[in-house]
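>
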Amino acid sequence: MNRLAKVGLFVGALSCGGLAARGLNIGGLVSQPAYAQSAIRAPEFPAGLTWLNSSPLSIQGLRGKIVLLDFWTYGCINCMHILPDLHKLEEKYGDQLVIISVHSAKFERESDSKNIRDAVLRYNIEHPVLVDKGLRVWTDYTVRAWPTLVLIAPDGRVTGSVAGEGHFAEVDQQIGNLVKVFREKKQLNETPLKLTLERAKTEDTPLFYPGKIATGGNRIVVADSSHNRLVVSDKSGKTIATIGSGDAGLKDGDFQSATFWNPQGVFVDGNKVYVADTNNHAIRLIDLLDKTVTTIAGNGKQAPFLATGGPAKTSPLSSPWDVLKVGNTLFIAMAGTHQIWSMNLARGAVGVYAGDGNEARRDGLRQGASFAQPSGLATDGKALFVADSESSCIRRIDFESGVVKTIAGGDLFDFGDRDGVGDNVRFQHPLGLAYNAGQLYISDAYNGKVKQLDPASGTVKTIASGLAEPGGLAFDGDRLLVADTAHQSIKALSATDYKPTLLTLANLSAPRLAARDAVVDIKSKGNQVSLPVGNATLIFEPVLPQGYHLNRDAPLKLTVKTTGAGVQATKTTFTGTDFQNPTRVALKTTASGKGTIELDALVAYCDIGTGALCKVQRVQQSVPFVIAPDATGEARVKVQLP
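Here this note's numbering is used: the first residue of the sequence shown is 14, the next is one more, and so on.
1. Assign ALA132 to one of three DSSP states: helix, strand, or coil.
2. Only counting runs of 3 or more residues, tell me where the beta strand (DSSP E) segments fall wholly within the segment 317–375, in order along the chain.
3. Considering only C-alpha positions, which residue in the set PHE318, TRP64, GLY364 and MET347 is nearest to THR327?
4. Leaving aside the five residues before and after ILE345 along the sequence, list all residues of the same chain whose C-beta is less than 6 Å from its C-beta, in chain order.
5. Between LEU201, THR155, ALA641 and THR291, which lies nearest to LEU330 when the distance is taken from Cα to Cα?
6. Closest to HIS240 by C-alpha separation, out of ASP153, LEU612 and ALA523, would be which residue?
7. Count the other CB atoms within 10 Å of the CB of THR586; is the residue buried (16 or more) or exposed (fewer)?
8. Can you tell me whether GLU554 is helix, strand or coil according to DSSP?
9. Who are the Cβ neighbours of PHE195 in its own chain at under 6 Å, not counting the five residues just before and after it?
10. Just the C-alpha distance for THR603 and GLY224, rounded to the nearest angstrom, thanks.
11. Tell me whether PHE8 is buried or exposed, calling it buried when 16 or more other Cβ atoms sit within 10 Å of its Cβ.
12. Buried or exposed: where does LEU37 fall if 16 or more other Cβ atoms within 10 Å of its Cβ makes it buried?
13. Could you give the distance in angstroms between the alpha-carbon of VAL616 and the alpha-carbon of ALA118?
14. Can you find the residues in the same chain that come closer than 7 Å, C-beta to C-beta, to GLY262, ignoring five residues on each side of it along the sequence?
15. Does DSSP put CYS92 in a helix, in a strand, or in coil?
16. Compute the distance between the beta-carbons of ILE138 and SER114, then report whether it is under 9 Å.
17. I need the DSSP call for ARG35, collapsed to helix, strand or coil.
18. Could you round the C-beta distance between ASP489 and ILE233 to whole angstroms and report it? I think they count as a contact, below 8 Å.
19. Out of curiosity, what's the CA-to-CA distance linking LEU110 and LYS628?
20. Who are the near neighbours of THR517 in its chain, counting only those whose CB is closer than 8 Å to its CB and skipping five residues on each side?
21. Grouping DSSP H, G and I as helix and E and B as strand, with all else coil, what is PRO46?
22. Alpha carbon to alpha carbon, how far is ASN15 from VAL133?
23. Grab me the residues of ASP108's own chain with a C-beta within less than 6 Å of its C-beta, minus the 5 sequence neighbours each way, in chain order.
24. Measure the CB-CB distance between LEU143 and HIS100 and report whether it falls below 9 Å.
25. Where VAL156 and ALA505 are concerned, what is the direct C-alpha to C-alpha distance, given to the nearest angstrom?
26. Report the option in GLY179, GLY560, SER68 and LEU81 whose CA atom is closest to the CA atom of MET93.
27. Specify, as a first and last residue, the run of the alpha helix (DSSP H) that THR590 falls within.
28. Quick one, which of THR63, PRO160, GLN386 and GLN559 has its alpha-carbon nearest SER124's?
29. Mind checking whether THR350 and GLY368 have CB atoms under 9 Å apart?
30. Are there 16 or more other CB atoms within 10 angstroms of the CB of PHE426, so buried, or fewer, so exposed?
31. Quick one: measure Cβ to Cβ for ILE610 and VAL546, integer angstroms, because I've assumed they're closer than 8 Å.
32. Does DSSP put ASN190 in a helix, in a strand, or in coil?
33. Where in the segment 394–437 do unbroken runs of the beta strand (DSSP E), each at least 3 residues long, occur, reported from the N-terminal end onward?
34. I need the straight-line Cα distance from GLN581 to PHE638, nearest angstrom please.
35. What residue from ASP497, ASP467 and THR152 has the CA that sits closest to ALA477's CA?
36. Can you grab the Cα-Cα spacing for the pair VAL288 / ASP411, in whole Å?
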């Protein structure tokens, strides 16, 4: 396998604990304002690696396409930050560009294909993902940091690379140059790539990668993160309210119309709930009495490196991951800038409380200390405890002296799974904290465990295992509630044996308009149909574009629900081979009645031929009906798909 020769400047700072140099690198994108043919041929992908969202691809097979490789690891906040940039590039150059996210793991858990698939679903990634087992592609392309972008021209030659985040303009410019040059040469393949998205193979669940959890009074509040909403239940698990429409966005308003984007940390303060709205770079306030959502900090833009804060509503934040209220101060785990921020709730101002912005484990006075993606907060009233995820350790900030001290754990590349005392302890990407009766409880995410830490002695012991990337914890009396994130559930640990049991959230279903359900939703009200007395048939017919057929490799599903009086469907769910085009729904009717038949369908379909394009469409159709003695036996509902 040819290796890349060093031909220019490597652009961008190391991030997410970027590795020391492992070899030579290619020229930086910003140093090449116009396309010039490179002498470096892109190394071919090794055979036998796992692909997600796509069948296996090759550099040779992608000739004629512009290819952008995104080297990432799923726990890295900087890698998450560039996902919106990649989405914008996909939207702009969808027919000319193929983005491939090359997942080169840092942590041991991140190397498992199943866990990477979970991350693809959680982050709603819709382009091909290559699982770089053993860092083979990373080595071939001599990558040094997460994230790194490598751009490959349609002739199969590497044009440059850039490391770190915040380089959308440079990458956009270079892709535009390549489109122009190779279109003029008639060497640009503008046929869309066939994809089979992982989300099309996934059934709805009531919770979708819940990140954090909080309690207060008789309430439990769950951040249903990948459903972009909050769920409120009583202590028995009975759902009281869902907050947020399920669409990703930054919109204030009532519980049904407000939108969130990957909310994480939550803190309950009486009838108010503070929310770290992570991907919106904002802090939201929920009023449970007025049933409203208000943005109280953040302007929706990501804060740059070394941002200092200011008026809360106009200051940019950067991926807040947790919140904790102490008196009139709201502490914020600002994962994106590797700092702890604070908000003066009386004055409405935000600013840096601890951390110099460098990604490291460095103790000392809070202004000069360094953190690495802080993601969880707790307090004993005397100090602020921090789950420092990327350095896999637990930190303590003394309120009185302002001194930051590491009380247990390792460092950026010193992680594992070992109980013990102080520096001898090893965690793997801890995400959540809860304090109770003199002890600190830790969601050791990538070890799938909950651990107990005595802050006075630094002693750590495992109390529960068998979880899947637990994100947050909260005490409810004597039991400890855990957001068992990748198991899509909430677990309760008893105070006696800490054995996890499932907390069922009653009457909870996935949001109808969740962004993950389909590329474009079709929701409409059909014309009223007349049904005869006795037996009737409703025919559901999705009209596919010319040249398209149903994709039987992806889930196909139709759910039928009737409201009102007079009609009952003899079968309410059609999946697999039962889902036909058209699908015939048998109905039993009475002598009189009227109401609505609700049709909810997930339709996957592809065109024919090489480079076929596949789509997934969610269709929701409300069909009013009336029973009429003179009606015919069949009623047809047609829906045109794009």
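C-beta: ideal position from N, C-alpha, C; glycine also.
By the coordinates alone:
1. helix
2. 322–324, 333–339, 342–347, 352–357 and 362–367
3. GLY364
4. PRO333, VAL336 and TRP354
5. THR291
6. ALA523
7. exposed
8. strand
9. PRO167 and LEU201
10. 47 Å
11. Nothing can be reported for residue 8, as the shown portion of the chain is limited to 14 through 655.
12. Residue confidence for LEU37 is low, a pLDDT of 30 falling below 50, so the modelled location carries little weight and cannot support an answer.
13. 34 Å
14. THR272 and TRP274
15. helix
16. yes
17. Model confidence at ARG35 stands at a pLDDT of 29, short of 50, so the residue's coordinates are unreliable; what they give is reported in the following sentence. ARG35: coil per DSSP, three-state reduction.
18. 7 Å
19. 18 Å
20. GLY250
21. Bear in mind that a pLDDT of 43 at PRO46, under 50, signals an unreliable position, so the number given afterwards is only what the model happens to contain. Note: PRO46 maps to coil in three-state DSSP.
22. Here the model assigns ASN15 a pLDDT of 32, short of 50, so the residue's position is not dependable and the matter cannot be decided.
23. GLU203 and PRO205
24. no
25. 42 Å
26. GLY179
27. Note, THR590: premise wrong, no alpha helix (DSSP H); not H, not E.
28. THR63
29. yes
30. exposed
31. About 16 Å separates the two Cβ atoms, so there is no contact after all.
32. helix
33. 396–401, 406–411 and 416–422
34. 12 Å
35. ASP497
36. 24 Å
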